[in-house]
Every structure is written in structure tokens, then in C-alpha cells.
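S.K.:
There are 2 protein chains.
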Amino acid sequence: MDAVGPSPEKITSLQNPRVKRLVKLRERRERDEAGLFLVEGYREVRRALEKQVRLQELYYAPDWFLGGNEPALLDQARQAGAQLFELSRDAFAKCSYRDRPDGLLAVAPQWRKQLADLALGPRPFLLVVESIEKPGNLGTILRSADAAGVDGVIVCDAVTDLFNPNVVRSSTGVLFSVPVVVADSAAVHAFLRERRIRIVATTPDTPDLYTGADLRGPLAIVMGSEQYGLSAFWLRESDQRVRIPMAGQADSLNVAMATIITLFEAVRQRSGDPPSR
Amino acid sequence: MDAVGPSPEKITSLQNPRVKRLVKLRERRERDEAGLFLVEGYREVRRALEKQVRLQELYYAPDWFLGGNEPALLDQARQAGAQLFELSRDAFAKCSYRDRPDGLLAVAPQWRKQLADLALGPRPFLLVVESIEKPGNLGTILRSADAAGVDGVIVCDAVTDLFNPNVVRSSTGVLFSVPVVVADSAAVHAFLRERRIRIVATTPDTPDLYTGADLRGPLAIVMGSEQYGLSAFWLRESDQRVRIPMAGQADSLNVAMATIITLFEAVRQRSGDPPSR
Numbered sequence: 200m201d202a203v204g205p206s207p208e209k210i211t212s213l214q215n216p217r218v219k220r221l222v223k224l225r226e227r228r229e230r231d232e233a234g235l236f237l238v239e240g241y242r243e244v245r246r247a248l249e250k251q252v253r254l255q256e257l258y259y260a261p262d263w264f265l266g267g268n269e270p271a272l273l274d275q276a277r278q279a280g281a282q283l284f285e286l287s288r289d290a291f292a293k294c295s296y297r298d299r300p301d302g303l304l305a306v307a308p309q310w311r312k313q314l315a316d317l318a319l320g321p322r323p324f325l326l327v328v329e330s331i332e333k334p335g336n337l338g339t340i341l342r343s344a345d346a347a348g349v350d351g352v353i354v355c356d357a358v359t360d361l362f363n364p365n366v367v368r369s370s371t372g373v374l375f376s377v378p379v380v381v382a383d384s385a386a387v388h389a390f391l392r393e394r395r396i397r398i399v400a401t402t403p404d405t406p407d408l409y410t411g412a413d414l415r416g417p418l419a420i421v422m423g424s425e426q427y428g429l430s431a432f433w434l435r436e437s438d439q440r441v442r443i444p445m446a447g448q449a450d451s452l453n454v455a456m457a458t459i460i461t462l463f464e465a466v467r468q469r470s471g472d473p474p475s476r
Numbered sequence: 200m201d202a203v204g205p206s207p208e209k210i211t212s213l214q215n216p217r218v219k220r221l222v223k224l225r226e227r228r229e230r231d232e233a234g235l236f237l238v239e240g241y242r243e244v245r246r247a248l249e250k251q252v253r254l255q256e257l258y259y260a261p262d263w264f265l266g267g268n269e270p271a272l273l274d275q276a277r278q279a280g281a282q283l284f285e286l287s288r289d290a291f292a293k294c295s296y297r298d299r300p301d302g303l304l305a306v307a308p309q310w311r312k313q314l315a316d317l318a319l320g321p322r323p324f325l326l327v328v329e330s331i332e333k334p335g336n337l338g339t340i341l342r343s344a345d346a347a348g349v350d351g352v353i354v355c356d357a358v359t360d361l362f363n364p365n366v367v368r369s370s371t372g373v374l375f376s377v378p379v380v381v382a383d384s385a386a387v388h389a390f391l392r393e394r395r396i397r398i399v400a401t402t403p404d405t406p407d408l409y410t411g412a413d414l415r416g417p418l419a420i421v422m423g424s425e426q427y428g429l430s431a432f433w434l435r436e437s438d439q440r441v442r443i444p445m446a447g448q449a450d451s452l453n454v455a456m457a458t459i460i461t462l463f464e465a466v467r468q469r470s471g472d473p474p475s476r
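Taken in order, these protein sequences are the chains called A and B. Taking our numbering, I'd label the letters of the first sequence as residues 200 to 476. Taking our numbering, I'd label the letters of the second sequence as residues 200 to 476.
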């Protein structure tokens with residue numbers, strides 16, 4: 200026993216109920232039922248603590264540690280209220296969903312933000328993504344949105360679970376800081392209209408270039424899904440449809456790449472530059 | 200026997216020398232010694248054939264096929280001169296480097312382009328990347344370069360093998376069409392200077408924004424490596440150093456994302472828009 204919490208219980212059995220639960224939490228259904236998700240990896244756990252994500256449990260296996268900073272991180276997590284459990288090398292390998300585990304895996308409560316929770320200034324800047332399918336793309340999109348300084352990301356008609364381990368990972372912790380709301384398209388559309396936020400949708404099927412759209416005022420950029428592009432709903436309900444000019448192969452730009460291009464054109468214009476002629 | 204080639208020899212043994220060789224070709228050293236590389240997957244094999252990559256051998260396993268178009272692709276490959284080999288489910292699984300094999304894996308000769316092979320018009324547009332480490336990033340960068348319509352990509356002081364299976368895959372076949380040259384930095388610099396191509400390097404350590412640089416004329420955009428950024432050589436030998444403005448976490452933009460942002464600002468300017476004031 201020490202001052203900040205009970206001494207860790209060491210788990211070596213692959214049949215241990217905690218090990219089994221960690222494996223189950225890879226499944227969306229299990230996560231949703233428990234209202235929990237997994238945060239794996241040194242960088243991710245550190246980011247979660249920085250962003251005040253309340254880690255309930257932190258599993259660690261010194262056999263897998265890559266550096267020397269892990270004990271300090273464990274202390275920090277314990278002081279923030281996490282319960283610590285030491286795992287044997289094999290037990291950790293069973294729980295890890297990574298190719299190369301680094302010996303740290305936490306469990307944290309999920310959260311749900313509503314549209315009304317978004318803090319919007321006088322000139323809102325939002326990214327709306329529709330039915331993104333690949334967790335890696337959603338994570339990359341969150342990183343782009345963070346770098347572009349959006350007020351929030353709205354995921355419409357979500358296919359991918361926001362708390363999928365691969366979203367957590369590919370977002371490099373941005374999931375813990377950028378406001379993300381999951382909602383259905385009709386509610387999002389009503390929310391944007393009410394606040395007089397201009398809706399600019401990207402699609403290959405328009406002559407208008409994204410650089411010619413005025414992206415300076417209250418703005419929501421809407422991106423479609425990988426496979427189907429934008430739905431008829433958003434194509435119809437947008438104020439402007441724009442395309443990104445493409446040389447080369449038709450599929451060279453995926454949705455994550457198209458998103459970052461559009462977001463940074465908005466950043467350019469919003470810093471004072473006009474749209475193109 | 201049919202008109203276009205010998206009937207396939209079916210391979211079932213995991214000890215078959217061809218199976219063993221395919222596994223070995225995942226290693227760079229083996230690829231370099233043999234002067235060969237692997238093209239795995241329906242989409243990749245189709246793209247390779249479209250782009251006149253001379254497939255020497257095509258291994259296929261009907262047990263893994265996902266659709267109904269594979270026989271036509273096999274015919275096409277045979278007519279283009281590839282030798283066909285049928286593999287059992289298990290033998291193919293051993294050769295595949297994918298999580299979900301789709302039953303097609305080809306072997307093709309590597310190629311080497313020189314700087315002098317680049318076809319440059321009066322207003323060259325080049326991308327130079329330095330020591331990129333992750334094959335996935337290099338593949339994504341090739342896709343961006345293709346979409347932006349560059350005349351070529353120059354990889355300086357290559358760390359990642361251009362013919363790494365993950366570059367082939369993540370480039371979605373762009374590797375087969377975009378001219379890529381591997382060369383050392385000094386030679387690349389001399390090449391650019393000789394042709395009076397403006398060198399614009401991206402780095403966080405400058406007050407100048409990328410949108411303020413004039414990217415309209417003969418241009419080489421230079422990007423550093425994931426871990427170390429741009430080398431002192433390129434920082435010193437560039438005509439202008441520019442940065443991308445970043446909100447949020449310091450590491451939200453990786454090198455592939457920074458590349459696509461910079462390339463598409465160049466595309467914008469080169470279509471007639473001025474740089475920012």
C-alpha cells in the first residue's frame with residue numbers, strides 16, 4: 200500500500216475476468232453496453248490524462264515497456280484516480296490490439312456531446328462528415344480538423360464508432376480534445392440553418408471549384424462517405440457544392456485527403472485572403 | 200494448353216520453391232538482389248496491367264477470390280506475357296502479406312528512373328521528399344502528388360524502399376504511373392539549380408506562411424522526414440522556407456498531410472490565383 204492507492208494486483212492468467220473483459224471491449228456492442236472504451240499506448244494514455252479523460256483502470260506490463268517514462272505515467276494515472284493492474288507479458292499480449300504493444304492499456308468512460316454543447320463564436324467553423332466507414336479515416340479527419348482549428352466535428356449517421364480503438368489511435372489523441380458530436384443529418388441540418396451557418400458540400404459532380412467558394416463566414420464543410428460520397432439529402436440541402444480539381448487517377452484523393460484540402464483552403468480564406476476569382 | 204500460354208501448374212506445398220521465393224520478396228534485400236517486387240491484390244494487379252507494368256508471374260488462388268472478374272484479369276495478364284500459377288488456399292495464405300488476401304499476387308521487375316528521365320515542361324512542378332520512413336506515408340504522398348498533377352516526385356536519401364509492398368499498396372497503383380526518382384540530395388539540388396527551379400521548403404521554424412509564397416513558376420516543394428523534419432542542407436539550400444499554420448496539437452499534421460496541403464495551394468496558385476498578401 201502507498202499513499203495514493205492500493206498496490207497493484209498482478210494478473211498472469213489469460214482466463215482472468217479482467218483480461219477477458221478487455222478483449223471484449225474491442226467489440227462495439229460491448230463498449231456501448233458498458234459505456235466504456237479502450238485507450239492503448241503510451242502516447243494515447245498520456246494525451247488522455249492531459250485532456251482530463253477520467254481513466255478508470257490502467258493495465259500495464261513492464262515486460263513490454265519501450266522507454267523509461269512509464270512509471271511516472273503510472274503515478275500520474277493513479278493520482279488522477281485510475282486503478283492500476285499489472286499484467287504478465289502474455290496476459291498483456293492477449294489484451295492488446297496492437298501489433299507491437301507498449302505495455303499500457305486503459306479503460307475510460309465514453310462521453311456523448313450534443314449539438315447544443317458546441318461552443319460557437321460569432322463566426323462558427325464546423326466540419327460535418329457523413330457515414331465515414333473506416334476508423335483510420337475518421338481519426339485522420341479529426342487530426343485535420345484539430346490542425347485547422349474547427350469549433351467542432353459533427354458525424355452524421357455514424358457508421359464507425361467514435362470510440363473504436365483505431366479511431367482513438369489514428370486520431371493521436373485528438374478525440375480527447377476536439378468537440379465531436381454524433382447526430383442524424385436532419386437534426387444537424389436544422390441546427391446549421393437555425394444558426395445561419397453556410398453549408399458547403401464537396402462532390403465531384405459540380406463545375407465549381409472549392410477555391411472559388413466564399414469560406415470566410417459562419418461555415419460548415421460537409422464531406423461524404425468513402426464509398427458513396429455525399430447523400431442526396433446533403434447535396435440538396437447545401438448552399439454550395441464544390442469540387443477539388445484532380446489530375447491523375449480518379450481515386451487518388453480519399454475522403455481524409457479531400458477534407459484536409461478543403462479545411463485548409465477555409466483556413467487560408469478565414470485569415471483574411473479572398474476566395475479565387 | 201491454350202493459345203496464349205501454358206496451362207497453370209497448381210502449387211499446394213508450402214515448401215514449394217516459388218512459395219518460398221514470394222515470401223522472401225517481402226524483404227528489401229531479396230527484392231534488390233532479384234530486381235523484382237510484389238504486386239498484391241485485384242486493384243493493384245489491374246492498375247499494373249493498365250500502366251504497362253510487365254508482370255512476369257501472376258499467382259492466383261480462386262479460394263480467395265472476392266468477385267467474379269478475376270478470370271478476365273488472369274487472361275489479360277497472360278496475354279500481356281505473365282506466367283500464371285494456381286495456388287491452394289493455404290499456399291496463397293503463406294505468400295500473402297495482407298490481412299485479407301484476395302487471391303492475386305504478381306511479381307514484376309523493378310525500374311529505376313534518373314533525374315534526366317523527368318519530362319519537364321516550361322513550368323516544372325516537382326515534389327521532393329527527404330528520407331520518408333513509413334511506407335504508408337510515402338504511398339499517400341504519391342497519391343497526393345498524382346492528384347495535384349506534379350511532373351514527378353524525387354525521393355532524396357531514401358530510407359523506405361520504393362518497392363516496399365506497403366508503398367505499392369498505399370499508393371493505390373500511383374507508383375506505376377507517377378514518375379518517381381530516387382537520388383541523393385546534392386544531385387537533386389544541382390539538378391534544380393541548373394534548371395532554375397524555385398525551391399520552397401516547409402518547416403515549422405519560419406514566420407512565413409506557405410500561402411504567402413509564390414508557387415506559380417518552376418517549382419520544387421521540399422518536405423522533410425517524419426521524425427527529423429527537413430535537413431540542414433535543404434533548409435540552407437532552399438529559396439524560401441514556409442510553414443503551415445497549425446491550431447490544436449503540435450503533431451496533428453503528419454508529413455503526408457502537410458504535403459497535400461502545400462501541393463494543393465500550389466495547384467490553386469498555378470491555376471491563376473495569386474499568393475496571399
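For each residue, glycine too, the CB sits at the ideal point set by N, CA and C. Treat the numbers as computed from the prediction; the structure is a model and nothing was measured.
1. Residues of chain B with a CB under 8 angstroms from the CB of residue 444 (chain A): which are they?
2. Please check the pair residue 415 (chain B) and residue 469 (chain B), which I expect to be a contact at CB under 8 angstroms, by giving their CB distance rounded to whole angstroms.
3. When Cβ atoms are compared, which residues of the region 363 to 375 of chain A fall closer than 8 angstroms to chain E?
4. Compute the Euclidean distance between the alpha carbons of residue 436 (chain A) and residue 319 (chain A), then round it to the nearest angstrom.
5. What would DSSP say about residue 445 (chain A), mapped onto helix, strand or coil?
6. Could you work out which residue in B:292, B:251, B:250, B:273 is closest to residue 262 (chain B) when comparing CA atoms only?
7. Would you tell me roughly how many angstroms separate the C-alpha atoms of residue 370 (chain B) and residue 341 (chain B), rounded to the nearest one?
8. Go through its chain and collect everything with a Cβ distance to residue 390 (chain A)'s Cβ below 6 angstroms, but skip five positions before and after it.
9. Going by CA-CA distance only, name the one from A:353, A:457, A:251, A:339 that's closest to residue 330 (chain A).
10. Rounded to the nearest angstrom, what separates residue 242 (chain A) and residue 222 (chain A) at their Cα positions?
11. Assuming contact is defined by CB atoms lying nearer than 7 angstroms, are residue 334 (chain A) and residue 351 (chain A) in contact in what I supplied?
12. Taking C-beta to C-beta, are residue 286 (chain A) and residue 307 (chain A) nearer than 7 angstroms?
13. Would you call residue 295 (chain B) buried or exposed, if buried means 16 or more other Cβ atoms sit within 10 Å of its Cβ?
14. Quick check: the Cα distance between residue 283 (chain B) and residue 248 (chain B), rounded to an integer number of angstroms?
15. What residues in its chain sit with their C-beta under 7 angstroms from that of residue 339 (chain B), if we drop five residues either side in the sequence?
16. In whole angstroms, give me the CA-to-CA distance for residue 162 (chain A) and residue 208 (chain A).
17. Given that a residue counts as buried once 16 or more other Cβ atoms are within 10 Å of its Cβ, and exposed if not, what is residue 400 (chain B)?
18. Can you pull the chain B residues whose beta carbon is under 7 angstroms from the beta carbon of residue 463 (chain A), in chain order?
19. For residue 220 (chain B) and chain A, any beta-carbon pair shorter than 7 angstroms?
20. Take residue 383 (chain A) as the anchor and find which of A:357, A:224, A:272 has the nearest alpha-carbon.
21. What separation, rounded to the nearest whole angstrom, lies between the Cα atoms of residue 373 (chain B) and residue 325 (chain B)?
22. Is there a Cβ of chain B sitting closer than 7 angstroms to that of residue 226 (chain A), yes or no?
23. Short check: CB of residue 305 (chain A) to CB of residue 257 (chain A), under 7 angstroms?
24. In the DSSP output, which residue or residues are listed as bridge partners for residue 410 (chain B)?
25. Are residue 337 (chain A) and residue 366 (chain A) closer than 7 angstroms when you measure CB to CB?
26. Report the neighbours of residue 311 (chain B) on chain A: residues whose CB is nearer than 7 angstroms to its CB, in chain order.
27. In whole angstroms, what separates the C-alpha of residue 491 (chain A) from that of residue 376 (chain A)?
28. Among the candidates A:298, A:346, A:316, whose CA atom is the shortest distance from the CA of residue 461 (chain A)?
29. Any C-beta of chain A sitting closer than 7 angstroms to the C-beta of residue 200 (chain B)?
30. Taking the straight line between their C-alpha atoms, what separation do you get for residue 482 (chain A) and residue 244 (chain B)?
31. For residue 258 (chain B), does the three-state DSSP call read helix, strand or coil?
32. Should residue 252 (chain A) go down as buried or exposed, given a rule of 16 or more other Cβ atoms within 10 Å for buried?
33. Taking DSSP as the reference, what is the three-state secondary structure of residue 454 (chain B)?
34. Using C-beta distances below 8 angstroms, list every residue in its chain close to residue 213 (chain B), excluding the 5 sequence neighbours before and after it, in chain order.
35. Just checking: is the beta-carbon of residue 405 (chain A) within a distance shorter than 7 angstroms of some beta-carbon in chain B?
36. Check the Cβ of residue 359 (chain A) against every Cβ in chain B and list those closer than 7 angstroms, keeping chain order.
M.R.: Checking against the coordinates, here is how it stands:
1. Here residue 444 (chain A) corresponds to residue number 245 of the first sequence, with the count starting at 1. Within chain B, the residues near residue 444 (chain A) are 466, 470.
2. Start at 1 with the first residue of the second sequence, and residue 415 (chain B) comes out as number 216. Start at 1 with the first residue of the second sequence, and residue 469 (chain B) comes out as number 270. With 8 angstroms as the limit, residue 415 (chain B) and residue 469 (chain B) qualify as a contact, their Cβ atoms being about 6 angstroms apart.
3. Judged by its chain identifiers, the structure shown contains no chain E, and its protein chains are A and B.
4. Stepping through the first sequence from its first residue, residue 436 (chain A) is reached at position 237. Stepping through the first sequence from its first residue, residue 319 (chain A) is reached at position 120. Roughly 21 angstroms separates the two Cα atoms.
5. What you label residue 445 (chain A) is simply residue 246 of the first sequence in a count that begins at 1. Three-state result, residue 445 (chain A): coil.
6. As a first step, residue 262 (chain B) is located in the second sequence; it is residue number 63 there, counting from the start. Taking only the C-alpha atoms, the option nearest residue 262 (chain B) is B:292.
7. For the purposes of this step, residue 370 (chain B) is identified with residue 171 of the second sequence, where counting begins at 1. For the purposes of this step, residue 341 (chain B) is identified with residue 142 of the second sequence, where counting begins at 1. Cα to Cα, residue 370 (chain B) sits roughly 6 angstroms from residue 341 (chain B).
8. Position 191 of the first sequence holds residue 390 (chain A). Contacts found: 314.
9. Walking along the first sequence from the start, residue 330 (chain A) turns up at place 131. By alpha-carbon distance to residue 330 (chain A), the top candidate from A:353, A:457, A:251, A:339 is A:353.
10. Against the first sequence, residue 242 (chain A) aligns to sequence position 43. Against the first sequence, residue 222 (chain A) aligns to sequence position 23. The alpha-carbon atoms of residue 242 (chain A) and residue 222 (chain A) are separated by roughly 21 angstroms.
11. Taking the first sequence and counting its residues from 1, one reaches residue 334 (chain A) at position 135. Taking the first sequence and counting its residues from 1, one reaches residue 351 (chain A) at position 152. No, these two residues do not count as a Cβ contact at 7 angstroms.
12. In the first sequence, the residue the question calls residue 286 (chain A) occupies position 87. In the first sequence, the residue the question calls residue 307 (chain A) occupies position 108. For residue 286 (chain A) and residue 307 (chain A), no; Cβs fall outside 7 angstroms.
13. Numbered from its first residue, the second sequence carries residue 295 (chain B) at position 96. Burial is judged here by how many other beta carbons sit within 10 angstroms of a residue's own beta carbon; residue 295 (chain B) has at least 16 and is buried.
14. Locating residue 283 (chain B) in the second sequence gives position 84, where the first residue counts as 1. Locating residue 248 (chain B) in the second sequence gives position 49, where the first residue counts as 1. Cα to Cα, residue 283 (chain B) sits roughly 14 angstroms from residue 248 (chain B).
15. Translated into the one-based positions of the second sequence, residue 339 (chain B) becomes position 140. Same-chain partners within the cutoff: 369, 455.
16. Because chain A here runs from 200 to 476, residue 162 (chain A) falls outside it and cannot be looked at.
17. Position 201 of the second sequence holds residue 400 (chain B). Buried.
18. The residue given as residue 463 (chain A) occupies position 264 in the first sequence. What residue 463 (chain A) touches in chain B: 460.
19. For this step, residue 220 (chain B) is matched to residue 21 along the second sequence. It does not: the Cβ of residue 220 (chain B) has no partner Cβ on chain A nearer than 7 angstroms.
20. One-based indexing of the first sequence puts residue 383 (chain A) at position 184. Residue 383 (chain A) has its Cα closest to that of A:357, out of A:357, A:224, A:272.
21. As a working mapping, residue 373 (chain B) is identified with position 174 in the second sequence. As a working mapping, residue 325 (chain B) is identified with position 126 in the second sequence. Between residue 373 (chain B) and residue 325 (chain B), the C-alpha separation is close to 15 angstroms.
22. As a position in the first sequence, residue 226 (chain A) is number 27, starting the count at 1. Chain B contact via Cβ: absent.
23. Residue numbering aside, residue 305 (chain A) sits at position 106 when the first sequence is read from its first letter. Residue numbering aside, residue 257 (chain A) sits at position 58 when the first sequence is read from its first letter. Closer than 7 angstroms, so yes.
24. Here the question's residue 410 (chain B) lines up with position 211 in the second sequence. Beta-bridge pairing links residue 410 (chain B) to no other residue.
25. Start at 1 with the first residue of the first sequence, and residue 337 (chain A) comes out as number 138. Start at 1 with the first residue of the first sequence, and residue 366 (chain A) comes out as number 167. It is a contact, given that the beta carbons lie within the stated cut-off.
26. Position 112 of the second sequence, counted from the first residue, corresponds to residue 311 (chain B). Under the 7 angstroms cutoff, chain A gives no residues; its nearest Cβ is about 22 angstroms from residue 311 (chain B).
27. Outside the displayed range of chain A (200 to 476) lies residue 491 (chain A), so it cannot be described from this structure.
28. Walking along the first sequence from the start, residue 461 (chain A) turns up at place 262. Nearest of A:298, A:346, A:316 to residue 461 (chain A), Cα basis: A:346.
29. Along the second sequence, read from residue 1 onward, the residue named residue 200 (chain B) stands at position 1. Model confidence at residue 200 (chain B) stands at a pLDDT of 38, short of 50, so the residue's coordinates are unreliable; what they give is reported in the following sentence. No, its Cβ sits nowhere closer than 7 angstroms to a Cβ of chain A.
30. Because chain A spans 200 through 476 in this model, residue 482 (chain A) falls outside it and cannot be assessed.
31. As a working note, residue 258 (chain B) is residue 59 in the second sequence. For residue 258 (chain B), the three-state secondary structure derived from DSSP is strand.
32. Position 53 of the first sequence, counting from 1, holds the residue named residue 252 (chain A). By the neighbour-count rule (16 or more Cβ atoms within 10 Å), residue 252 (chain A) is buried.
33. The sequence position of residue 454 (chain B) within the second sequence is 255, counting from 1. Helix at residue 454 (chain B).
34. As a first step, residue 213 (chain B) must be located in the second sequence, where it is residue number 14. Taken in chain order, the residues that qualify are 289, 290, 293.
35. Residue 405 (chain A) sits at position 206 when you count from the first residue of the first sequence. Residue 405 (chain A) does not count as touching chain B.
36. Locating residue 359 (chain A) in the first sequence gives position 160, counting from the first residue. Under the 7 angstroms cutoff, chain B gives no residues; its nearest Cβ is about 18 angstroms from residue 359 (chain A).
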